[in-house]
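Report on the following structure.
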Amino acid sequence: MLRIANALETQLRGAMQRAFPEAWTEAGEAGLDPQLAPASKPEFGDFQANGALPLAKPLKQAPRQIATAIVEQLQADAAFTQLCLEPQIAGPGFINLTIRPERLAAEVASRLGDERLGVPPVQGAAPVVVDFSSPNIAKEMHVGHLRSTIIGDSLARVLEFRGHPVLRLNHVGDWGTQFGMLITHLKQVAPDALETADAIDLGDLVAFYREAKKRFDDDEAFQTTSREEVVKLQGGDPLSLKAWGLLCDQSRREFQKIYDRLDIRLSERGESFYNPFLPAVIDGLKQVGLLVTDDGAECVFLEGVSGKDGKPLPVIVQKSDGGFNYATTDLAAIRYRFAAAPDGDAARRVIYVTDSGQANHFVGVFQVAERAGWIPDGSRLEHVPFGLVQGEDGKKLKTRAGDTVRLRDLLDEAVERAEADLRSRLQDEERSEPENFINHVASTVGLAAVKYADLSQNRITNYQFSFDRMLALQGNTAPYLLYALVRIAGIARKGGDLDASTAQLQFSEPQEWALVRELLRFDAVIAEVEEELLPNRLCSYLFELSQVFNRFYDQVPVLKAGPDALPSRLALCRLSADTLKTGLGLLGISTLERM
RNA sequence: GGGGCUGUAGCUCAGCUGGAUAGAGCGACGGUUUCCUAAACCGUAGGUCGUGGGUUCAAGUCCCGCCAGCCCCGCCA
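Just so you know, we're using our numbering here: the first sequence kicks off at 651 and counts up by one.
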C-alpha cells in the first residue's frame, strides 16, 4: 500500500494547493500537510486525511467546509477518482478515503508472483553494521545474551531483506585483564595444550574460568603472575598469544553451537581486532583538541552531561597506567566502521544492540565520535537499547538456585516443554506420529516461542520471561502464528492448488476484503521496522494477519467454494502463507507444514 | 545529588508524524464442531491512560512540576 499512499499524498497536496492557493503559498516551501494516515477504524475506509482541521483557524472557515473544498478538488483529479471511491467527510472534518476494490485486487495480484511481496529494494545501498550478541570469551552464553542475539538477528534480517549489505558483527569480549589469569591457569594446568595441537579439550570453560578466578582471588603469587601475563600478552609474546588463541577457539566452538541452533549467522570481530587502531584514537582526539589529562588519565569531557559535583562528566580513553579501555575500543570501532576500505567498513549506518544499562556509555562515546568528526554527514549511529529479562516474579531472571540461567538450558527447556505439550495433545487426539516428526515440531515450536516472545514485546521495556505464556497455543504467540500456516498447508494437502494462476481476482465476502487489506500492509510494516528498529511492530502485524486469516478460514470455505470464488480464495491463502512465512523468516523463525 | 527508562483493564502488554467512542492477548463468564488441523472462531464483563498543571481546534501521545519502580553515574564491558 506504500505506492498507493504515496500517490494519495501527492493528489491530496495538489488538491489542497488548488483549493487554497494563498494559504499554500504562505505555508512556504513544504506547502500544506494533508496529514494522511491509515484509517483508524475499518469503517472509515483505508486512509484518512486530517489536514483540514488545523486550517480552520488561519482560514477562518469551518473545518468541514475546508474539507469539502479539498474533496471537490480531489474529485476533479482523474488519477484520484480512478484510485478512490468518493471521499467521505466525517466528524469534525476528517476526509475518509476508500480505495477502489479493483485497485486493491490488482495490488494483491501483483504480489502473488513477487518474492519481495511488494517491498521495494533499496538502491545503491551502503553497508549497515549491526553489532549484536557479543558474549565474552571463556564465559558461557547466558540469558543476558538472549535479547541482543535475537533482536539483533531480526533487525539484520529485515535490513538484508530491504537490500542493505549488512555486516553482522559479533563484538566478542576477547581482550582485557581477565586473560592474564586465564592464561596463567591454562599454562599451569594444561602445559601440553600449548605444545601440541588439540592436545586437550578444555571441556567446561565456565568451570575453568571459575577455577582461575578463585586462584586469582586467593593466591597472591598467582595474581602477580597473572598481571605479568597481561603485559606479555599485550606485548605480543608468542606463547601467551597461543594460549589466548586456544581459549578463544574453545569459546568460539561453544558459541557456534548456540548460533547454529538458533540459525543465526555472525561474523566474529572481537575487541582485539581494534587493538592496532587504539593509539590512533588518542592521537586523533589530541589533534582535534578534545583530549584533557585529568588525574593522570586521558579524558574527553562531555558537553551537557554533568556528574555529581556539577562538573562535566569525562569519557576516559586512556587510563592513568597507560592502558586503554572499552571506550577507546568503541571509538576505534566507530571510526573503523565508518571509514572507507581497506581500513574500514564504509558503513553509513551503525547499530548497537545492547541492554539499556549501557545507554549512558553510548551517549558519551557517540558524542566524542561526533565532536571528533568521525561520523560522516548523512550517516547514522544508533544505540538500540533493550530492557532486562525478568522472571515471573518481576526480578532479574535466575535459576532456582540463584544462578545465572545458561542460554542452552533455557532453549532446552523450551523445546522439552513444547515436546511434552505436543505428546499430550497427540494422546488426546489419538494421533500417532513418528519420533522424528515430534522432535522436529518440538524443536521448531520451542525455539520459535522463545524468539517470538522476546521480539513481540517493545524492546525498550523490561521483558518478563514465561515459558507458559510463550508456549501458549492461543494468543499472541509463536504457536498461534505457526498454526495459521499449518492450516494453509492443510488446504494445499487436501487438493487446493495454491500456485494455480489466477487471471482475475474477485472477492465478495467481508472476511476476504479484511484479509486483502491486511496483506497489503506488509510493505509499510517493513519500512517502519527498518526505520524504527522495533521488531515488535512486525510481530503485531503478523499476529493481526493470523487473526484475520483465521477468521477468514473459519467463516469462508475455500475448497468448497464455487468455481467463481475458488481461485481468488486460493490466491489469498497463498499470499497469506507467503507473507507469514516471509515475516516469520525476518524474525528468524522457521515454519511447519504440520504440527 | 545528577542522568536515563518505565508507569495504560485483575495479569502480560500494544498504541506508528498529537486526531473520531483508548486496543489486543491471557484470565473470568457464555456460545460454536456431520465441513479445509477447534492449537480455531463468535460474544459478554472489565480502564479517572501514576498524579497536578500547561500548550492545542484536538493530548495516552508534546512541555513543566510531583510520586513510585528499575537501571546507570572516572580509569570493568
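Ideal placement from N, C-alpha and C gives every residue a C-beta, glycine not left out.
Determine the closest residue to residue i out of the options, with distance taken between C-alpha atoms.
| i | options | result |
| --- | --- | --- |
| Ile787 | Glu1180, Trp825, Pro1185 | Trp825 |
| Lys936 | Ser922, Tyr924, Pro926, Phe951 | Phe951 |
| Leu703 | Ile745, Ile966, Thr731 | Ile745 |
| Glu1063 | Leu1076, Val1034, Ser1093 | Ser1093 |
| Val1034 | Leu805, Gln661, Arg1187, Leu762 | Leu805 |
| Arg1219 | Ser1158, Ile1239, Leu733 | Ser1158 |
| Met831 | Leu844, Trp1163, Arg860 | Arg860 |
| Gly1037 | Val965, Ile1088, Phe1115 | Phe1115 |
| Glu1168 | Leu1209, Ser1226, Phe1117 | Ser1226 |
| Leu1155 | Gln711, Ala1019, Ser760, Gln698 | Ser760 |
| Pro815 | Ser917, Pro777, Leu1237, Ile966 | Pro777 |
| Glu693 | Ala1164, Phe1172, Pro1213, Phe1202 | Ala1164 |
| Thr978 | Glu921, Gln715, Glu1194 | Glu921 |
| Met791 | Ala677, Arg902, Phe829 | Arg902 |
| Val1055 | Leu762, Val1039, Leu912, Glu1069 | Val1039 |
| Ala1142 | Val1065, Tyr1191, Pro1084, Leu1222 | Leu1222 |
| Glu968 | Ala983, Ser956, Ala947 | Looking at the sequence itself, residue 968 is Gln, so the reference to Glu does not match. Of Ala983, Ser956, Ala947, the residue nearest in Cα terms is Ala947. |
| Leu662 | Gln711, Ala756, Asp727 | Asp727 |
| Gln1161 | Gly954, Pro1207, Thr875, Ala1134 | Pro1207 |
| Arg877 | Arg1075, Ala1215, Thr1229, Gln828 | Gln828 |
| Asp781 | Ala699, Ile800, Gly763, Glu765 | Ile800 |
| Val1091 | Ala740, Leu896, Arg1244 | Arg1244 |
| Leu1121 | Leu1234, Val1065, Asp944 | Val1065 |
| Leu1209 | Leu762, Thr1152, Asp1147, Asp868 | Asp1147 |
Identify the continuous alpha helix (DSSP H) that holds residue i and give its terminal residues.
| i | result |
| --- | --- |
| Cys1189 | 1185-1205 |
| Asn656 | 652-669 |
| Leu1246 | Only positions 651 to 1245 of the chain appear in the structure, and residue 1246 is not among them; the question remains open. |
| His821 | That residue, His821, is in no alpha helix (DSSP H); it is neither H nor E in DSSP. |
| Leu1209 | Segment: none, Leu1209 is in no alpha helix (DSSP H) and carries neither H nor E. |
| Glu752 | 751-762 |
| Ala1164 | 1160-1169 |
| Ala1174 | 1172-1182 |
| Ala687 | Element bounds for Ala687: not the alpha helix (DSSP H) but the beta strand (DSSP E), 686-688. |
| Thr1229 | 1216-1236 |
| Tyr924 | Element bounds for Tyr924: n/a, residue is neither H nor E. |
| Arg1073 | 1057-1078 |
| Met1120 | 1117-1120 |
| Pro1129 | 1128-1143 |
| Ala706 | 706-709 |
With DSSP collapsed to three states, give me the class of residue i.
| i | result |
| --- | --- |
| Gln1107 | coil |
| Phe782 | coil |
| Glu736 | coil |
| Val938 | coil |
| His814 | coil |
| Asn746 | strand |
| Ser956 | strand |
| Gln906 | helix |
| Gln1040 | strand |
| Glu679 | coil |
| Arg714 | helix |
| Phe730 | helix |
| Gln1154 | coil |
| Val1018 | helix |
| Lys863 | helix |
| Gln1114 | strand |
Since residue i is in the beta strand (DSSP E), which residue starts that stretch and which ends it?
| i | result |
| --- | --- |
| Asp696 | Counting along the chain, Asp696 falls outside any beta strand (DSSP E), and DSSP gives it neither H nor E. |
| Glu1032 | 1030-1036 |
| Thr943 | 942-944 |
| Gln884 | Gln884 -> not in any beta strand (DSSP E); alpha helix (DSSP H) instead, spanning 870-884. |
| Val839 | Taken as a continuous stretch (DSSP letters only), Val839 belongs to no beta strand (DSSP E), being part of the alpha helix (DSSP H) at 828-839. |
| Val967 | 962-968 |
> With contact counted as at least three CB pairs below 8 angstroms, one residue from each stretch, are the region 1097-1104 and the region 1116-1135 in contact?
Replying inline: Yes, the region 1097-1104 is in contact with the region 1116-1135.
>> Counting beta carbon pairs with one atom in the region 781-796 and one in the region 818-835, are three or more of them shorter than 8 angstroms?
In response: yes
> Is the region 1028-1042 close to the region 995-1007, with three or more CB pairs under 8 angstroms?
Replying inline: The region 1028-1042 makes contact with the region 995-1007: 3 or more CB pairs, one atom from each, lie closer than 8 angstroms.
> Hey, which unbroken runs of the beta strand (DSSP E) at 3 residues or more fall wholly within the region 974-1011?
Replying inline: Taken in chain order, the whole beta strand (DSSP E) runs of length 3 or more contained in the region 974-1011 are 999-1005.
>> I'd like to know if the region 680-691 and the region 732-739 are in contact, where contact means that at least 3 CB-CB pairs between them fall below 8 angstroms.
In response: In the pairwise beta carbon analysis, the region 680-691 is classified as not touching the region 732-739: fewer than three pairs are separated by under 8 angstroms.
> Are there three or more Cβ pairs, one per stretch, closer than 8 angstroms when the region 808-817 is compared with the region 1176-1183?
Replying inline: yes
> Are the region 741-755 and the region 966-974 touching, with three or more C-beta to C-beta distances below 8 angstroms?
Replying inline: Fewer than three Cβ pairs drawn from the region 741-755 and the region 966-974 lie within less than 8 angstroms of each other, which leaves the two stretches out of contact.
>> Three or more C-beta pairs under 8 angstroms: does that hold for the region 1012-1027 against the region 982-994?
In response: yes
> Does the region 1191-1200 come within contact of the region 754-773, defined as at least 3 CB pairs closer than 8 angstroms?
Replying inline: No contact exists between the region 1191-1200 and the region 754-773.
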